[in-house]
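Participant:
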Amino acid sequence: MNSKERMKLAMALSEPDRVPVMCQLAIGHYFIYSGVDPLDIWFTSEGFADALIKLRKRYEFDGILINLPGRNPEYKKYINTIEDNDNGKIIHWKNGGYTIFPADDLPSYQHSMDYKNTTSLDDIEPDMLYYIEPYDITGISYPYRWGFEEELRSFDDFFPDYHVNTIRSVKQAVGKDISIHAEIFSPWSQLLELLGYENILMAIMDDPGKIKACLERLSDGAADLAKRQAAENIDAILISSAFAGGGFISANQYDEFIVPCENKVIEEVKKKYSIPVYTHTCGKIGDRLENMLSTGTNGIDTLDPPPLGNVELVEAKKTLLGRAFIKGNIDPVNVMHQGDQESITKNVIETINIGKLKGGYILSTACSVSPHTSPENIELLSSLAKQYGKY
């Protein structure tokens, strides 16, 4: 059984030959360990594809998550200068903005001093929203423009042609044997990134109607992007809804603000494409697994165990068995990063034995593997899955 077949069965709540393995890696981990120039990873579709492929091969993952958009192949013409600093580089752009580029973490774009951006809900017109990409190379703007584009795009042609180039590069390189997943940001995550976390958490109490109108519009764009990704014949779509756990909003607020928009995205995809759509939410989600299922999601990713979250896999398995696949539950910090080989082995074997019960489980860290996690620790996952994850 190849990796794609193995992942397909697990996502279909069935039992493959063994538990599949697939982790999301922090961008900084690619910078440090892939052997690909970090500038190429961040600024080019081909560079990120190369990094994804190399580390998938090293760690023997059964799937690849493509969680950066394709990049404008002409990005270099916008660069003014590049300078080195103590922890990476600073890229100065011709528009006056600059990118702080750490050697081991997410780059951060800073607008020029005269740039006027809004962080106020009062300034936002819901009809001007469609999709907000937090990982665009020029950060977030309102109204939203891709990269260094000056003109606003029509919503009928909102996503640049190059947006799916990384998907195409990965598919061409790995062939038909590896499960390939793409990512979209949930409407909730997009709005948080646009307006700031504190502003949104206040606004859902002060002006919930406008928040819902904004989320409705962002649902249209998220569904549009998901369908464009699905058209590339990928194997699954991940909705990144990281900040919808108990540390941010209540279960009732989840039903009010998250469920309608994510359900809309999932239903729009499934009208045309028969691929799994699953959900990534960090932190304390033990009290909202039923709420998450009501979005129509096919699977739940992370399931952070204590102390990062509050999900005990035994209990989650009881709730989700036969209803959604599970991906995650290995603590990426206290186990994978800080643990030794002996403690990692013990934790992973215990997790496999619980997760694999009656199928529907993908072995993974709960959230992203941190930048400086030892590759030798990550390599243990596939080794242990082969030994202890057989059905």
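In this text, residue positions in the sequence shown follow our numbering: the first is 27, and each later residue adds one.
Here a beta-carbon is modelled for each residue, glycine too, at the ideal position from N, C-alpha and C.
All values reported here derive from a predicted model rather than from experimental measurement.
Report yes or no: do the region 174–183 and the region 258–270 share at least 3 C-beta pairs separated by less than 8 Å?
Facilitator: The region 174–183, when compared against the region 258–270, does not touch it at the 8 Å Cβ threshold.
Participant: Figure out for me which residue from Val337, Asp183, Lys343 has the closest Cα to the Cα of Asp6.
Facilitator: Nothing in the structure corresponds to residue 6, since the chain is present only between 27 and 417.
Participant: Could you spell out the range, first to last residue, of the alpha helix (DSSP H) harbouring Ser195?
Facilitator: Its alpha helix (DSSP H) spans residues 191–200.
Participant: My understanding is that Ile388 touches Asn373, with C-beta atoms under 8 Å, so please give their C-beta distance in whole angstroms.
Facilitator: At roughly 16 Å, the Cβ-Cβ gap does not stay under 8 Å, so Ile388 and Asn373 are not in contact.
Participant: Beta-carbon within less than 8 Å of Lys296's beta-carbon, same chain only, minus the 5 sequence neighbours each way: which residues are those?
Facilitator: Excluding sequence neighbours, Lys296 sits near Val303, Gly322.
Participant: Look at the Cβ atom of Leu264, then the Cβ atom of Asp327, and state whether they are nearer than 9 Å.
Facilitator: Closer than 9 Å, so yes.
Participant: Using beta-carbon positions only, say whether Ile352 and Gly335 come within less than 9 Å of one another.
Facilitator: Contact flag unset, no.
Participant: Counting beta carbon pairs with one atom in the region 117–137 and one in the region 156–175, are three or more of them shorter than 8 Å?
Facilitator: As far as the Cβ criterion goes, the region 156–175 touches the region 117–137, which means the pair count is three or higher.
Participant: Under 9 Å between the Cβ atoms of Cys308 and Ala248?
Facilitator: Cβ atoms of Cys308 and Ala248: not closer than 9 Å.
Participant: So the alpha helix (DSSP H) Glu31 belongs to, where does it begin and stop?
Facilitator: Element bounds for Glu31: 29–37.
Participant: To which residues of the same chain is Tyr124 closer than 7 Å at the C-beta, ignoring the five residues directly before and after it?
Facilitator: Same-chain partners within the cutoff: Ile116, Ile117, His118, Gln136.
Participant: Going by the CB atoms, is the gap between Thr399 and Gly354 shorter than 9 Å?
Facilitator: For Gly354 and Thr399, no; Cβs fall outside 9 Å.
Participant: Rounded C-beta distance between Phe174 and Asp250? I'm assuming under 8 Å.
Facilitator: Actually they are not in contact, since the Cβ atoms of Phe174 and Asp250 sit about 22 Å apart, beyond 8 Å.
Participant: So, at 7 Å on beta carbons, what are the nonlocal neighbours of Leu78 in its own chain, with the 5 sequence-adjacent residues on each side left out?
Facilitator: Excluding positions up to five away in sequence, the list reads Ile90, Ile92, Val196.
Participant: Pop quiz: Tyr280 and Asn225 are said to be a contact at Cβ under 8 Å. What is the actual Cβ separation, rounded to whole angstroms?
Facilitator: Contact flag wrong, Cβ pair sits at about 19 Å.
Participant: Can you check whether the CB of Gln50 is closer than 9 Å to the CB of Val395?
Facilitator: Contact flag set, yes.
Participant: What do you get for Pro397, buried or exposed, if any count of 16 or more other CB atoms within 10 angstroms of its CB means buried?
Facilitator: Flag for Pro397 reads buried.
Participant: Here's the rule: buried if 16 or more other CB atoms are within 10 angstroms of the residue's CB, otherwise exposed. What is Glu107?
Facilitator: For the sequence presented, residue 107 should be read as Thr rather than Glu. Classification of Thr107: exposed, given that the 10 Å Cβ count is below 16.
Participant: Please name the residue, chosen from Tyr85, Pro234, Tyr101, that lies closest to Asp66 on a Cα-to-Cα basis.
Facilitator: With distances taken between Cα atoms, Asp66 lies closest to Tyr101.
Participant: Is the beta carbon of Pro160 sitting closer than 9 Å to the one on Cys240?
Facilitator: No, the pair does not count as a contact, with Cβ atoms beyond the cut-off.
Participant: Residue ranges of each alpha helix (DSSP H) run of no fewer than 4 residues wholly in the region 167–238, ordered along the chain?
Facilitator: Complete alpha helix (DSSP H) runs here, min 4: 191–200, 213–221, 223–232.
Participant: Can you tell me whether Glu109 is helix, strand or coil according to DSSP?
Facilitator: DSSP places Glu109 in strand when its eight states are reduced to three.
Participant: Check each candidate in Thr345, Gln367, Cys393, Asn403 and name the one with the smallest Cα separation from Leu383.
Facilitator: Of the listed residues, the one whose Cα sits closest to Leu383 is Thr345.
Participant: Determine, using beta carbons only, whether Ala256 and Lys298 come nearer to each other than 9 Å.
Facilitator: Yes, Cβ-Cβ distance for Ala256 and Lys298 is below 9 Å.
Participant: So which of Tyr56, Tyr414, Met27, Asn98 has the shortest CA-CA distance to Ser71?
Facilitator: The shortest Cα separation from Ser71 among Tyr56, Tyr414, Met27, Asn98 belongs to Asn98.
Participant: Can you tell which of Thr377, Glu402, Val200, Ile230 has its C-alpha closest to the C-alpha of Ala411?
Facilitator: Ala411 has its Cα closest to that of Thr377, out of Thr377, Glu402, Val200, Ile230.
Participant: Check whether the Cβ atoms of Tyr104 and Leu81 lie closer than 9 Å to each other.
Facilitator: No, the pair does not count as a contact, with Cβ atoms beyond the cut-off.
Participant: Within 10 angstroms of the Cβ of Met231, are there 16 or more other Cβ atoms? Answer buried if so, exposed if not.
Facilitator: Exposed, since its Cβ has fewer than 16 Cβ neighbours within 10 Å.
Participant: Would you call the CB atoms of Tyr417 and Glu86 closer than 9 Å?
Facilitator: No, these two residues do not count as a Cβ contact at 9 Å.
Participant: Any idea if Asn191 is buried or exposed, counting beta-carbon neighbours within 10 angstroms, 16 or more meaning buried?
Facilitator: It counts as buried.
Participant: What distance in whole Å lies between the Cβ atoms of Phe274 and Leu1, which are believed to be in contact at a cut-off of 8 Å?
Facilitator: The question about residue 1 has no answer, for the chain in this structure spans 27 to 417.
Participant: Pick from Pro64, Val285, Lys34, Asp148: whose alpha carbon is nearest that of Ser215?
Facilitator: With distances taken between Cα atoms, Ser215 lies closest to Val285.
Participant: Between which two residues does the beta strand (DSSP E) containing Gln136 stretch?
Facilitator: Segment 134–136, the beta strand (DSSP E) holding Gln136.
Participant: DSSP three-state label for Ala262, please.
Facilitator: In the structure shown, Ala262 sits in a strand (DSSP, three-state: E or B).
Participant: By how many angstroms is the C-alpha of Phe211 removed from the C-alpha of Trp172?
Facilitator: About 15 Å.
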